[in-house]
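Enquirer: Please see the structure below; I have some questions.
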Amino acid sequence: MSSPSDASRTPRPAGVIHDIGYRPYAGPRVDGRAVAWSLFATGLRNCYGLGRSGRSKVLPMILLALMLLPALILVGVLVQAKELLGLDEHIVPYSVYPITTQLLISVFVAAQAPALISRDLRFGTITLYLARPGSRTTYVLVRMASLTVATFVLIGSPLLLLYVGGLLADLPPGRETGRFLAALFGAMLLAACLAGLSAIISAVTTRRGLAVAAVIVVLVVSYTVVATVQGIDFETGDDGVGDVAGLFSPYTLVHGVQVFLFDSPTGTPTPPSGAVMSVLYPAATAIMIVGSVGAMLWRYRKVTA
Amino acid sequence: MLVIETAALSKRYPRVTALDELDMNVGEGVTGLVGANGAGKSTLIKILLGLVPSTSGAAHVLGFDVATEGALIRSRVGYMPEHDCLPADASASDLVVHLGQMSGLPYPAARERASDVLRHVGLAEERYRPIGGYSTGMKQRVKLAQALVHDPRLVLLDEPTNGLDPSSRDDMLSLVRRIGTEFGIAVLVTSHLLGELERISDHVVVVEAGRLLRSSATTDFTHATGLLLVEVQGRADAGRLLGQALVDAGLRARPVGGMVEVEVRDEATYDVVRDLTAELGLGLVRMQERHHRIEDVFREGGAGSVQPV
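Quick note, the sequences are listed as chains P and D, same order. Counted from 1, the first sequence has number 159 at position 159 by the numbering used here; the numbering is strictly sequential. Take any residue in the second sequence, note its place counting from 1, add 305, and you have its number in the numbering used here.
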C-alpha cells in the first residue's frame with residue numbers, strides 16, 4: 001500500500017484477506033417507530049440485567065424477589081387463616097404496599113437509572129445514537145419510557161400477586177378488581193415520578209457512582225423526612241403540616257392522589273384532606289412528571305454530538 | 306457521482322469561525338480531508354451528518370440536504386467519531402448488533418451484519434468480552450465496525466488512526482483503503498498526518514482555518530517534479546564533488562542531505578550524470594525521479610502548522 005493511487009485504484013480481487021469478501025446488505029430496513037421500539041425493549045431488558053453481564057442481573061432480580069416475597073407471605077396468611085382471623089380484605093392494601101416497600105423500589109431506580117441514562121453520557125455513546133436516524137427527543141423519551149416501565153413492573157408485580165391471591169381467598173371480585181386497577185394506576189404514576197426524578201439526576205451527574213448515591217439520597221431522605229414530619233404532626237394534633245409535607249416525596253404524593261381519586265385505604269399517619277389538597281396533590285404529580293421530561297429534553301439539547 | 310457537495314458553507318460560533326465559505330466536492334473512492342487540529346474538520350463532519358446547523362451556505366450528502374433531511378442522511382451514512390464513545394460494560398458483539406438495529410436493521414439482519422463487519426475489521430473471539438478490557442487498536446476497530454454495520458453508502462471517519470501504534474496504524478489504513486475499494490463504500494477520512502492520507506486516498510482535500518486550501522487527486526500532489534535525485538559514494542565529500550562538477554557542466558544542481566538533486570533538462574542529462582560520476586571515480590548508487598509528497602504543498606503554501614509525518 002505504500003505506492004499511492006495507481007496500484008490501489010484497481011480493485012483487488014475480493015477474498016484476499018478473508019475467506020469471503022464484503023457482502024452488501026440488500027434486505028429490508030425498518031422505520032423509525034420500529035427502531036424506537038427496539039431501543040425501548042433493549043432498555044427495558046437492560047434494567048433487569050438481561051442482555052448485560054451476569055453480575056448486573058443480580059441486584060434487580062434480588063430486588064424483584066424481595067418485592068414479591070412479602071406479597072407471597074401475605075397471600076399465604078390470607079388464604080390459610082382467613083376464617084381464623086376473620087379477614088375480609090387484604091392485610092396490607094394495594095395502595096399501601098408501595099409505601100411499605102419504598103426502600104426496595106428506591107434502590108432499584110437508584111441502581112438502574114444511572115445504568116441506563118448516565119452510561120451513554122459518561123462513555124460518549126450518545127454520539128453513536130445521535131449519528132443514527134432517530135432524533136434526540138425520541139432517544140430521551142424512549143429511555144425514560146424504558147425506565148418507567150421497568151419500575152412499573154417492579155411495583156406492579158407484587159400487586160398482581162396480591163390480587164390473584166385475594167381472588168383465590170374468595171375476597172369479593174368486584175371490589176378487589178376496582179382496588180387493584182386503581183392501585184395499578186397509582187403504580188404507573190409512581191413509576192413515572194420515580195423514573196423522571198432519577199433520570200434527571202442521572203443525566204446531570206453523569207458519573208454512575210455519584211448518580212446512584214444522589215438518587216438514593218433524594219428518594220430515601222425525602223421519604224424519611226416526610227414520614228417524620230407526618231408522624232410528629234399526627235402526634236401534635238394534625239394541623240395540616242403533614243398534608244403539605246406529603247407533597248415532597250413521590251411515595252406519599254402518589255399515595256395521596258390515590259386517596260383522593262379512588263378513596264383508597266390510607267397508609268400514612270396524616271392522609272391529605274380538604275379541597276386545596278385534592279387539587280395540589282394531582283397538580284404536583286403532573287408537574288413532577290411533565291417537569292422531569294421537560295428537564296431531560298432541555299438537558300439533552302445541550303449534549304453535543 | 307458526487308457524494309458530498311458544499312457551497313459557501315459557513316459555521317460561525319460566537320468567538321470562532323469554524324468554516325468559512327467552504328466549497329468542496331467529494332466523489333466516490335477514498336477522500337482524505339487534511340487540516341491542522343482546529344481547522345474545522347470535525348465541525349464539517351457534524352454539519353454533514355445534520356447534527357449541527359450551518360450558519361450559512363448549503364451542503365448536500367448523497368443528494369440530501371443536510372439542513373432538512375438529516376435523518377435520511379444518517380440512515381445511509383456511517384460515522385466513526387474521533388473520541389472515545391464505547392461503553393466499557395458491553396461486548397463489541399452486543400454493541401454492534403444493537404447499533405445496527407438503531408440504524409434500521411431488523412434483529413436477525415443486524416446480528417448477521419455485525420458478525421460480518423466485526424470479522425472484516427479483524428475482531429475475533431474477543432468480540433464477546435466487555436469493551437472495557439480492549440486495547441486502543443481494538444476499540445478503534447469496534448468504532449469502525451459500528452460505522453459499517455448498516456452497509457452505508459458513505460462513511461465519515463474522523464481521525465481513525467488517532468492514538469494507534471505504528472503497526473495498528475498500518476492495519477487501520479489498509480482497512481480504510483479496502484472499504485473504499487473492495488467494499489465499494491465512499492470514504493471521507495480526516496487526519497492531521499499527511500503521509501497517511503497520501504497512501505490511501507484517491508483524492509485529497511486540504512482545509513485550513515475553515516477554508517479550502519486545495520482539492521485535487523492524490524496523483525496531482527505527488528506528480529513527478531522534473532528533478533533527479535543522485536546518490537554517489539566513494540569519498541567522504543562525494544556528493545559535493547559531483548554537485549560541483551554538474552554545475553560546472555552547466556546543469557542546475559544542489560546538495561540534498563548527502564545526495565545531489567539535479568534538474569533534468571533532457572534525456573542527455575542522465576548521461577552527463579553517469580559520465581561525470583565515472584570521471585570523478587565515484588560509485589553511482591542510485592538515480593531516482595523525485596516525486597512530490599503532499600507535505601511539500603504545505604511547505605510551499607506556508608501552512609506550517611500542519612504536522613507532517
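Note that beta-carbon positions come from the ideal geometry of N, C-alpha and C, so glycine has one too. If you're wondering where the values come from, they're calculated on a predicted model, not measured in any experiment.
Starting from the N-terminal side, write out each stretch of the beta strand (DSSP E) that is 3 residues or longer and does not extend beyond the stretch 512-578 of chain D.
Expert: As far as the stretch 512-578 of chain D is concerned, its whole beta strand (DSSP E) runs of at least 3 residues are 516-522, 529-538, 558-561 and 564-568.
Enquirer: So, helix, strand or coil for HIS508(D), using DSSP?
Expert: Note: HIS508(D) maps to strand in three-state DSSP.
Enquirer: Looking only at its chain, what residues have a beta carbon closer than 6 Å to the beta carbon of GLY256(P), apart from the 5 residues adjacent to it on each side?
Expert: Taken in chain order, the residues that qualify are GLY246, PRO272 and TYR281.
Enquirer: Give a yes or no on whether 7 Å exceeds the smallest Cβ distance from PRO172(P) to chain D.
Expert: It does not; no Cβ of chain D falls within 7 Å.
Enquirer: Whole angstroms are fine: how far does the CA of SER420(D) sit from the CA of THR151(P)?
Expert: If you take the alpha carbons of THR151(P) and SER420(D), they lie about 33 Å apart.
Enquirer: Buried or exposed: which applies to THR304(P), given that a residue is buried once 16 or more other Cβ atoms fall within 10 Å of its Cβ?
Expert: With fewer than 16 Cβ atoms within 10 Å of its Cβ, THR304(P) is classed as exposed.
Enquirer: In chain order, what residues of the same chain have a beta carbon less than 6 Å from the beta carbon of VAL565(D), not counting five sequence neighbours either side?
Expert: Same-chain partners within the cutoff: VAL535, GLY544, LEU547, GLY548 and ALA558.
Enquirer: Give me the Cα-Cα distance between LEU292(D) and PHE40(P), rounded to the nearest whole angstrom.
Expert: An answer regarding residue 292(D) cannot be provided, because it is not within the stretch 306 to 614 covered by chain D.
Enquirer: Have a look at GLY274(P), PRO265(P) and GLY21(P) and flag the residue whose alpha-carbon is nearest the alpha-carbon of GLY242(P).
Expert: Out of GLY274(P), PRO265(P) and GLY21(P), GLY274(P) has the C-alpha closest to the C-alpha of GLY242(P).
Enquirer: Tell me the DSSP secondary structure of ALA199(P) in three-state form.
Expert: It is helical.
Enquirer: Can you tell me where the alpha helix (DSSP H) holding VAL259(P) begins and where it ends?
Expert: Here the alpha helix (DSSP H) through VAL259(P) covers 250-262.
Enquirer: Within its chain, find whatever has a CB closer than 8 Å to the CB of SER5(P); leave out the 5 residues flanking it on each side and keep chain order.
Expert: For SER5(P), the predicted model reports a pLDDT of 42, less than 50, meaning its position is unreliable; a value from the coordinates is still stated below. Closer than 8 Å at the Cβ level, and outside the excluded window around SER5(P), lies no residue.
Enquirer: For VAL357(D), count neighbouring C-beta atoms within 10 Å of its own C-beta (all shown protein chains included) and say buried if the count is 16 or more, exposed if not.
Expert: VAL357(D) should be labelled buried.
Enquirer: What do you get for GLU594(D), buried or exposed, if any count of 16 or more other CB atoms within 10 angstroms of its CB means buried?
Expert: Result: exposed.
Enquirer: Going by the CB atoms, is the gap between GLY355(D) and VAL371(D) shorter than 7 Å?
Expert: It is a contact, given that the beta carbons lie within the stated cut-off.
Enquirer: Label GLN538(D) either buried or exposed according to how many other C-beta atoms from any shown protein chain fall within 10 Å of its C-beta, with 16 as the threshold for buried.
Expert: GLN538(D) comes out exposed.
Enquirer: For THR270(P), report the span of its beta strand (DSSP E) as first-last.
Expert: From DSSP, THR270(P) is part of no beta strand (DSSP E); its letter is neither H nor E.
Enquirer: Under 7 Å, CB to CB, which of the residues in the stretch 24-42 of chain P have a partner in chain D?
Expert: Listed by position, the residues of the stretch 24-42 of chain P near chain D (Cβ gap below 7 Å) are PRO24, TYR25, GLY27, PRO28, ARG29, VAL30, VAL35, SER38, LEU39 and THR42.
Enquirer: Please determine, among LEU147(P), PRO250(P), ASP120(P) and LEU197(P), the residue with the shortest C-alpha to C-alpha distance to THR206(P).
Expert: Nearest C-alpha to THR206(P): ASP120(P).
Enquirer: The stretch 129-156 of chain P: which residues have C-beta closer than 8 Å to a C-beta of chain D, in chain order?
Expert: Per Cβ criterion, the list reads TYR129, LEU130, ALA131, ARG132, PRO133, GLY134 and SER135.
Enquirer: Pull up the DSSP beta-bridge partners for PHE369(D), would you.
Expert: Answer is VAL366(D).
Enquirer: Taking Cβ-Cβ distances below 8 Å as the criterion, which residues of the stretch 43-68 of chain P are in contact with chain D?
Expert: Within the stretch 43-68 of chain P, the residues whose Cβ lies closer than 8 Å to some Cβ of chain D are GLY51, ARG52, SER53 and SER56, listed in chain order.
Enquirer: Let me know if SER361(D) comes out buried or exposed under the rule of 16 or more other beta-carbons within 10 Å of its beta-carbon.
Expert: Exposed, since its Cβ has fewer than 16 Cβ neighbours within 10 Å.
Enquirer: Taking CB distances under 7 Å as the criterion, tell me whether VAL614(D) reaches chain P.
Expert: Residue placement at VAL614(D) cannot be trusted, given a pLDDT of 39 that sits under 50; what the coordinates show is reported in the next sentence. No, its Cβ sits nowhere closer than 7 Å to a Cβ of chain P.
Enquirer: When burial is assigned at 16 or more other CB atoms within 10 Å of the CB, is THR125(P) buried or exposed?
Expert: THR125(P) comes out buried.
Enquirer: Considering ASP476(D), what are the terminal residues of the alpha helix (DSSP H) in which it resides?
Expert: Element bounds for ASP476(D): 471-486.
Enquirer: Give the residues from the stretch 96-125 of chain P that approach chain D closer than 8 Å (Cβ to any Cβ), ordered along the chain.
Expert: Answer in chain order: ARG119, ASP120, PHE123, GLY124 and THR125.
Enquirer: Alpha carbon to alpha carbon, how far is VAL590(D) from VAL567(D)? Give it in angstroms, no decimals.
Expert: Cα to Cα, the separation comes out at about 15 Å.
Enquirer: What span of residues does the alpha helix (DSSP H) with ASN46(P) cover, start to end?
Expert: Note, ASN46(P): alpha helix (DSSP H), 32-47.
Enquirer: With the cut-off set at 7 Å, would you say SER496(D) and THR523(D) are in Cβ contact?
Expert: Contact: no.
Enquirer: Give the single residue among ARG122(P), GLN80(P) and VAL153(P) whose Cα lies nearest to the Cα of TYR48(P).
Expert: Among ARG122(P), GLN80(P) and VAL153(P), the Cα nearest to that of TYR48(P) is on VAL153(P).
Enquirer: Could you confirm whether any beta carbon from chain P is found closer than 7 Å to the beta carbon of LEU459(D)?
Expert: False, the Cβ-Cβ gap to chain P never drops below 7 Å.
Enquirer: Quick check: the Cα distance between ASN330(D) and SER520(D), rounded to an integer number of angstroms?
Expert: If I take the Cα positions, the gap works out to 8 Å.
Enquirer: Are any of the Cβ atoms in chain D nearer than 7 Å to that of TYR300(P)?
Expert: No, its Cβ sits nowhere closer than 7 Å to a Cβ of chain D.
Enquirer: Just grab the DSSP bridge partners of LYS316(D) for me.
Expert: Bridge partners of LYS316(D): LEU324(D).
Enquirer: Using a Cβ-Cβ cutoff of 8 Å, what residues of the stretch 345-365 of chain D are near chain P? List them in chain order.
Expert: Listed by position, the residues of the stretch 345-365 of chain D near chain P (Cβ gap below 8 Å) are LYS351, LEU354, LEU356 and VAL357.
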